[in-house]
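**Student:** Note that my numbering has the sequence shown beginning at 1, numbered continuously upward.
This is the structure I want to talk about, given as structure tokens.
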Amino acid sequence: MTPLALSPPRSTPEPDLSSIPQDAATIPSLAAPQALTVCLYINKQANAGPYLERRKVQQLPEHFGPERPSAVLQQAVQACIDCAHQQKLVFSLVKQGYGGEMVSVSASFDGKQHLRSLPVVNSMGYVLRFLAKLCRSLLCDDLFSHQPFPRGTGTPKDTPETQEGRIESASSPSPDRQDARRPRSRNPSTWSVEDVVWFVKDADPQALGPHVELFRKHEIDGNALLLLKSDMIMKYLGLKLGPALKLCYHIDKLKQAKF
């Protein structure tokens, strides 16, 4: 008997799926999430204060960003240092940061280049709060904002109802305040704004006590207090010569004290 010839198995052809619409819900997305970017605007008409050179401030770009929040913060802080009359003074007011995505700023003084890491920030709110405290110490409010500044003016393009985004209100103190208490530390460089308020009021309740709200308004902490001079106190805080000299006397005594 002649054996039957066996045919090789036929393979089933693959269906053509090119014309079938794909359901986006069943296909995992391969796109990476976009990183948050922010933009910080510079008010070149703002009062540069006693520590920054107005000419250099006016040479800054219109804004920093859009970039990651940490990059925008680094550019803004570095700009403050670069615009300073004395980089050492501004550098000393910059808060040290640790961990996370590290960015740093630099300053040249005492014949050396100095670096300082900045805190990790991940939102515009953190950027504004950090810069608000720094600008209060530098007595140059309204220098930065998340809103554009119209040319030739010192206020952002927003209404009074939306101005809470401006830097001076980003860290505005609450009106419900407790009375200032004696500082826990004798070292003034560690003092908070409320510690400074207590010191000023306690130093001369009659002559300086009525002016303590100015120190809250400008958020003058211990480091900023030690940098104050009589002409700066009169010009930027509005005190008359008598109270300004009395305050300087107490600040000088504070500097001479051993902590």
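Beta carbons: idealized from backbone N, C-alpha and C, even for Gly.
1) Under 7 angstroms between the Cβ atoms of D221 and V193?
2) Going by beta-carbon coordinates alone, are R116 and Q96 separated by less than 7 angstroms?
3) Would you mind stating whether A244 and M234 have Cβ atoms separated by less than 7 angstroms?
4) Please state whether the Cβ-Cβ distance between V77 and F64 is less than 7 angstroms.
5) Roughly how many angstroms lie between the CA atoms of C80 and V90, to the nearest whole one?
6) Indicate the three-state DSSP secondary structure (helix, strand or coil) for E67 in the structure shown.
7) Tell me whether the beta-carbon of A84 lies closer than 7 angstroms to the beta-carbon of Y126.
8) Within the 7 angstroms Cβ cut-off, does P148 reach chain D?
9) Straight-line CA distance for A46 to A257?
10) Tell me where the beta strand (DSSP E) around A107 begins and ends.
11) Opposite V38 in the DSSP bridges: which residues?
12) Measure the C-alpha to C-alpha separation of Q75 and Q206 and round it to an integer number of angstroms.
13) Starting from the Cα of H146, find the closest Cα among N43, L237, V120 and L139 and give me that residue.
14) With a cut-off of 8 angstroms on the beta carbons, I'd call A203 and C140 a contact; round off their distance for me.
**Tutor:** On the basis of the supplied data:
1) Counting from one through the sequence shown, the residue named residue 221 turns up at place 221. Counting from one through the sequence shown, the residue named residue 193 turns up at place 193. Going by C-beta atoms, D221 is nearer than 7 angstroms to V193.
2) Locating residue 116 in the sequence shown gives position 116, where the first residue counts as 1. Locating residue 96 in the sequence shown gives position 96, where the first residue counts as 1. Result yes, Cβ atoms of R116 and Q96 sit closer than 7 angstroms.
3) In the sequence shown, residue 244 corresponds to position 244, counting from 1. In the sequence shown, residue 234 corresponds to position 234, counting from 1. Yes, the pair counts as a contact, with Cβ atoms nearer than the cut-off.
4) For the purposes of this step, residue 77 is taken as the residue at position 77 of the sequence shown. For the purposes of this step, residue 64 is taken as the residue at position 64 of the sequence shown. Not in contact: V77 and F64 (Cβ atoms no closer than 7 angstroms).
5) For this step, residue 80 is matched to residue 80 along the sequence shown. For this step, residue 90 is matched to residue 90 along the sequence shown. Answer to the nearest angstrom: the Cα atoms are 7 angstroms apart.
6) If you number the sequence shown from 1, residue 67 lands on position 67. Residue state, collapsed to three classes: strand.
7) Within the sequence shown, the letter at position 84 stands for residue 84. Within the sequence shown, the letter at position 126 stands for residue 126. No, the Cβ-Cβ distance between A84 and Y126 is not below 7 angstroms.
8) Structure shown: chain D not included; a single protein chain is present.
9) Along the sequence shown, one-based indexing puts residue 46 at 46. Along the sequence shown, one-based indexing puts residue 257 at 257. Their backbone Cα atoms lie some 36 angstroms apart in a straight line.
10) The count along the sequence shown starts at 1 and reaches residue 107 at position 107. Per DSSP, A107 belongs to the beta strand (DSSP E) from S104 to F109.
11) For this step, residue 38 is matched to residue 38 along the sequence shown. Answer is E67, bridged to V38.
12) For this step, residue 75 is matched to residue 75 along the sequence shown. For this step, residue 206 is matched to residue 206 along the sequence shown. One C-alpha to the other measures close to 43 angstroms.
13) Residue 146 sits at position 146 when you count from the first residue of the sequence shown. It is N43 whose Cα lies nearest to the Cα of H146.
14) Residue mapping note: residue 203 aligns to position 203 of the sequence shown, counting from 1. Residue mapping note: residue 140 aligns to position 140 of the sequence shown, counting from 1. Wrong, their Cβ atoms sit about 26 angstroms apart, outside the cutoff.
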